[in-house]
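Colleague:
In the working numbering, the protein residues as written are 318 to 825.
In structure tokens, the structure reads:
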């Protein structure tokens, strides 16, 4: 067992595992245990007849496994390459990774390795090698008609941050703070709970919005603040370093990348002695949970067909490459399997909910959450308050109006921080509405391909990346990934594949 379980939960799990001799009792007790957990973990139980593998609702501590039915060998690890015997690449997993920088449905980059899906547990029969998966929780966005009150938000905040403080146990909470609402929410909730051992830091140019607003939020709340400025020259040195290669190898896991920028920032902070030994990182990873990513999903004037929704969602999730032909059809089939729309008719809000659910189980769970690998790489613990399961249960079931542009959480945080002279008024990003006027998927893809290409090649967007990361590195990335919306991640994806191929951990 690894993870952020508290002492009582560990003792309960130990009691469950002690019943390994009774398969029925063990499985019943394990399911009951998993359904009650709200934090972050992965579990392996080796019983006489079966091996049980379980991960939390996010899959934040990933587990991988392979089963060789001929030899009867079962390999389980938190490192996907270690489970692979053939080292051969999975073609569909590679396609997903190169287009979206994550893999779906338990696939990995290795053809003989599977990942335990978030919110599930797996039972592997030792005698016949059969694999059974059972889901105990799932991400599914829904938009009820009634709005929630601020008192209801407080009812969620109180127990979640009570457990955060219990986990901290007097240690220093370190918050990467930006101009956004997520990190401000964590800082404000710790302030309201009178937790004093808090350190904050911001990354970026001294005159950037993230740095200036992050500093002001920390100052007004009375928390110490550090600044990490990273120049293009520093990035060039980083890209050529062994440390960068090691960080890539650590974070790629079964097929995902993360914000490698954070690993760089942590090295800088550690180098100047700014991080205490007892630091526990509380990043504001909330993504779409409170509604912030709805602007990334297609917003429809009215309900559209499932086929059109699949095509639109595929376009949104493909941040590095927009496939065409057979490759596009394969990727759309993956997306189609993830879409769950009500039978007998559905509304435009159902379409938005389905698209946001796909965005959450892919981009949020496997990319945003994977950022915690940076803290582990630097030998620190972490906790994700805004992805606690109780938090997810609440925010995935608020009204569209409460979720859109994080309206409800914005009101809650503004009310709590007004006494400190803080007010969050930053609006959501401009919304691009993909109207239901395109007559074929090919036309839609062609149109959005041109839009993405123009955005990517616009001087303002391109130069923003080059000034921060160095021109030479990204000219080649831009040339190779012509339609990439996120150039830094395109480079990290390319580099991560190069690392595992060069190390002989993956074969084509």
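From the three backbone atoms N, C-alpha and C, an ideal C-beta is built for every residue, glycine too.
Have a look at 663, 577, 699 and flag the residue whose alpha-carbon is nearest the alpha-carbon of residue 806.
Modeller: If we check each option's Cα against that of residue 806, 577 comes out closest.
Colleague: How many angstroms separate the CA atom of residue 503 from the CA atom of residue 599?
Modeller: Rounded to whole angstroms, residue 503 to residue 599 spans 8 Å at the Cα level.
Colleague: With a CB to CB cut of under 7 Å and the five nearest residues on each side skipped, what residues in its chain are close to residue 712?
Modeller: Only 606, 607 meet the Cβ criterion.
Colleague: Residue 686 and residue 596: beta carbons closer than 8 Å?
Modeller: Cβ distance not < 8 Å, so residue 686 and residue 596 don't count as in contact.
Colleague: I'd like to confirm the pairing. Which residues does DSSP put opposite residue 405 in its beta bridges?
Modeller: Paired residues: 824.
Colleague: Helix or strand or just coil, what does DSSP make of residue 398?
Modeller: In this structure, residue 398 counts as helix in the three-state DSSP scheme.
Colleague: Quick check on the burial criterion: 16 or more other C-beta atoms within 10 angstroms. Buried or exposed for residue 821?
Modeller: Under this definition residue 821 is an exposed residue.
Colleague: What are the boundary residues of the alpha helix (DSSP H) that includes residue 442?
Modeller: Segment 437-442 is the beta strand (DSSP E) holding residue 442; no alpha helix (DSSP H) there.
Colleague: How long is the line joining the alpha carbons of residue 515 and residue 459, rounded to whole angstroms?
Modeller: In a straight line, the C-alpha of residue 515 is about 35 Å away from that of residue 459.
Colleague: Helix, strand or coil, according to DSSP, for residue 699 in the structure here?
Modeller: Residue 699: strand per DSSP, three-state reduction.
Colleague: Excluding the five sequence neighbours on either side, which residues of its own chain have a C-beta within less than 6 Å of the C-beta of residue 440, listed in chain order?
Modeller: Only 367, 369, 449 meet the Cβ criterion.
Colleague: Output needed for residue 829: all residues of its chain with C-beta closer than 7 Å, excluding positions within five of it in sequence on either side, in chain order.
Modeller: The question about residue 829 has no answer, for the chain in this structure spans 318 to 825.
Colleague: Is DSSP giving residue 712 helix, strand or coil here?
Modeller: Correct three-state label for residue 712: helix.
Colleague: Taking Cβ to Cβ, would you say residue 378 is nearer than 8 Å to residue 359?
Modeller: It is a contact, given that the beta carbons lie within the stated cut-off.
Colleague: Tell me residue 363's beta-bridge partners as DSSP assigns them.
Modeller: Paired residues: 368.
Colleague: For residue 737, which residues in the same chain have their Cβ closer than 7 Å to its Cβ, ignoring the five residues on either side in sequence?
Modeller: The answer, listed in chain order, is 537, 538.
Colleague: So the alpha helix (DSSP H) residue 489 belongs to, where does it begin and stop?
Modeller: First-last for residue 489: undefined, no H or E at that position.
Colleague: Round the Cβ separation of residue 705 and residue 477 to the nearest angstrom and send it over; I've been treating them as touching at under 8 Å.
Modeller: That belief holds up - the Cβ atoms of residue 705 and residue 477 are roughly 5 Å apart, short of 8 Å.
Colleague: Would you identify the three-state DSSP class for residue 675, choosing helix, strand or coil?
Modeller: If DSSP states are grouped into helix, strand and coil, residue 675 belongs with the helices.
Colleague: Determine contact between the stretch 577-586 and the stretch 686-695, defined as no fewer than three beta-carbon pairs at a distance below 8 Å.
Modeller: Counting Cβ pairs under 8 Å, three or more are found: they touch.
Colleague: Taking residue 809 and residue 574 to be in contact with their CB atoms under 8 Å, please state how far apart those CB atoms are, rounded to whole angstroms.
Modeller: At roughly 5 Å, the Cβ-Cβ gap stays under 8 Å, so residue 809 and residue 574 are in contact.
Colleague: Name, in chain order, the residues that DSSP records as bridge partners for residue 452.
Modeller: Answer is 437.
Colleague: Give me the residue from 375, 398, 356 with the minimum Cα distance to residue 683.
Modeller: Ranking 375, 398, 356 by Cα distance to residue 683 puts 375 first.
Colleague: In whole angstroms, what is the alpha-carbon distance linking residue 561 and residue 468?
Modeller: Distance between the alpha carbons of residue 561 and residue 468: 45 Å.
Colleague: Rounded to a whole number of angstroms, what is the C-alpha to C-alpha distance between residue 733 and residue 497?
Modeller: Between residue 733 and residue 497, the C-alpha separation is close to 16 Å.
Colleague: To which residues of the same chain is residue 505 closer than 6 Å at the C-beta, ignoring the five residues directly before and after it?
Modeller: Around residue 505: 730, 733, 734.
Colleague: Considering just the uninterrupted stretch of the beta strand (DSSP E) at residue 516, what are its terminal residues?
Modeller: Where residue 516 is concerned, the enclosing beta strand (DSSP E) stretches over 515-520.
Colleague: On the three-pair Cβ rule with 8 Å, is the stretch 410-428 touching the stretch 636-648?
Modeller: Cβ pair count under 8 Å is three or more, so yes.
Colleague: With a 10 Å radius around its C-beta and 16 neighbouring C-beta atoms as the bar for buried, classify residue 331 as buried or exposed.
Modeller: Exposed is the call here.
Colleague: Taking only the alpha-carbon atoms, compute the straight-line gap between residue 523 and residue 543 and give it to the nearest angstrom.
Modeller: Rounded to the nearest angstrom, the two C-alpha atoms are 11 Å apart.
Colleague: What is the DSSP secondary structure of residue 779, reduced to helix, strand or coil?
Modeller: Note that residue 779 has pLDDT 40, beneath the 50 cutoff, so the model's placement of it is unreliable and no number is given.
Colleague: Identify, in the order they occur along the chain, each residue of the same chain with its Cβ nearer than 7 Å to the Cβ of residue 510, setting aside the five sequence neighbours on each side.
Modeller: Cβ within range, chain order: 478, 482.
Colleague: Within 10 angstroms of its Cβ, does residue 434 collect 16 or more other Cβ (buried), or is it exposed?
Modeller: Buried is the call here.
Colleague: Given this structure, state the Cα-to-Cα distance separating residue 722 from residue 594, to the nearest angstrom.
Modeller: Near 37 Å, if we compare the C-alpha coordinates of residue 594 and residue 722.
Colleague: Determine the DSSP secondary structure at residue 660, reduced to helix, strand or coil.
Modeller: Residue 660 falls in the coil class under three-state DSSP.
Colleague: Locate the alpha helix (DSSP H) running through residue 527, then write down its first and last residues.
Modeller: Start and end: 526-538.
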